[in-house]
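The numbers in UniProt numbering rise by one with no breaks, and the one at position 192 of the sequence shown is 192.
Even glycine gets a Cβ: it sits at the ideal position worked out from N, Cα and C.
Comments concern the structure below.
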Amino acid sequence: WLQFEIMLKSIEPYFAFNDPNKIWQETPANLVLEIQFLILFALCTYDAWWSSRNALKRIAWLMALFCGVLIELLTILPTSIGNFYHSQFTLMLFDHREPFYMLPCLYVWCLYTVPTTLWHCSLGHKLAEYALTVIMVFLLWQPLDLLGIHFQFWTWHNSEPLYVERRGGVPITSTYWMMAYIGGMQLCLSIVRDHYFYARRRSLKQGRRGGVSLLQCVGLAIVA
Numbered sequence: 001w002l003q004f005e006i007m008l009k010s011i012e013p014y015f016a017f018n019d020p021n022k023i024w025q026e027t028p029a030n031l032v033l034e035i036q037f038l039i040l041f042a043l044c045t046y047d048a049w050w051s052s053r054n055a056l057k058r059i060a061w062l063m064a065l066f067c068g069v070l071i072e073l074l075t076i077l078p079t080s081i082g083n084f085y086h087s088q089f090t091l092m093l094f095d096h097r098e099p100f101y102m103l104p105c106l107y108v109w110c111l112y113t114v115p116t117t118l119w120h121c122s123l124g125h126k127l128a129e130y131a132l133t134v135i136m137v138f139l140l141w142q143p144l145d146l147l148g149i150h151f152q153f154w155t156w157h158n159s160e161p162l163y164v165e166r167r168g169g170v171p172i173t174s175t176y177w178m179m180a181y182i183g184g185m186q187l188c189l190s191i192v193r194d195h196y197f198y199a200r201r202r203s204l205k206q207g208r209r210g211g212v213s214l215l216q217c218v219g220l221a222i223v224a
């Protein structure tokens, strides 16, 4: 046990473990939220990689994971941007500044669930999918931000000019940012779907092989 504690201390600047009993006693909502998003992450992962054999869903899952990690790293690590603060949860990263559930769990849940859910609606047009994506993100993300500020899961720096205009204590830029971001992700995925998967199927039916590779589509989607 002593060796285990020494090992934890050695990685604490990057990964830290808080006592769940203490978290439960002081802020029980934090523990409930953390467990909830860990479960949602597991369900999204199962849906993308085991429940169905839809390659586009796997691309969406990878996009959600990598884009979520990049967003958090670029906003947490640079001191010039650090205007967003988190409460303490059981699993913490980067010297207790970033909850683990944020990087893979919350972003995969939102960035994966919204686009893939709309694919079952058969809207038939990229702009229709984009518009409904933006509406769904507004209906999901703003209540989540309101809960976050109410239970103090996170908070924003009061002196940040971009955060001056708020609704219910939540900067309106937070909601609009996610609407634009996930809407753009949906648009990228629809382009990958229409110009890779559908084109590839037509080529195979005609006995031709060509087009870009699946790996190229993943890279294009993540960069976009």
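Distance between residue j and residue i (C-alpha atoms, nearest Å)
i      : j      : result
ALA29  : GLU98  : 17 Å
LEU111 : LYS22  : 31 Å
LEU62  : PHE94  : 23 Å
ARG193 : LEU187 : 10 Å
CYS71  : ARG53  : The question names Cys, yet the displayed sequence has Ile at residue 71. Distance between the alpha carbons of ILE71 and ARG53 is about 28 Å.
SER51  : ARG167 : 39 Å
ASP19  : GLN88  : 10 Å
CYS44  : LYS57  : 10 Å
MET136 : LEU118 : 9 Å
Selected residue, minimal CA-CA separation from residue i, among the options
i      : options                        : result
MET185 : LEU162, ALA48, VAL108          : VAL108
MET179 : GLN142, ALA55, ALA48           : GLN142
ALA42  : CYS105, ASN18, THR175          : CYS105
TYR14  : THR116, PHE100, ARG53, ALA60   : PHE100
GLU26  : HIS125, ALA55, GLN152          : GLN152
TRP177 : THR113, ASP145, GLN36          : ASP145
THR75  : TYR130, LEU103, TRP49          : LEU103
THR133 : LEU147, THR155, THR175, ILE149 : THR175
LEU127 : GLY183, TRP156, PRO171         : GLY183
Neighbourhood of residue i by C-beta distance below 6 Å, restricted to the same chain and skipping five residues each side
i     : result
TRP24 : LEU31
SER73 : Sequence inspection shows Leu at residue 73; the Ser mentioned does not correspond to that position. For LEU73, where only same-chain residues beyond five positions count, there are no Cβ hits under 6 Å.
HIS96 : ALA16
Cross-strand partners of residue i (DSSP beta bridge)
i     : result
MET92 : ALA16, PRO99
Cβ neighbours of residue i in the same chain (closer than 7 Å, five flanking residues each side left out)
i      : result
HIS120 : none
VAL212 : With a pLDDT of 47 at VAL212, under the threshold of 50, the predicted position of this residue should be treated as unreliable, though the coordinate-derived value follows. Cβ neighbours of VAL212 beyond the five flanking positions: TYR196.
Own chain residues within Cβ distance below 8 Å of residue i, not counting five before or after
i     : result
PHE17 : LEU8, THR90, LEU91, MET92
So within the stretch 5-90, which uninterrupted beta strand (DSSP E) runs reach at least 3 residues, ignoring any that extend past its ends?
Secondary structure in the stretch 5-90: the beta strand (DSSP E) runs of 3 residues or longer, each lying completely within the stretch, are 15-17, 84-86 in chain order.
Unbroken stretches of the alpha helix (DSSP H), 4 residues or longer, contained in the stretch 158-187:
With a minimum length of 4 residues, no continuous alpha helix (DSSP H) run stays inside the stretch 158-187.
Ranges of the alpha helix (DSSP H) found wholly within the stretch 126-158, counting only runs of at least 4
Listed in chain order, they are 126-150.
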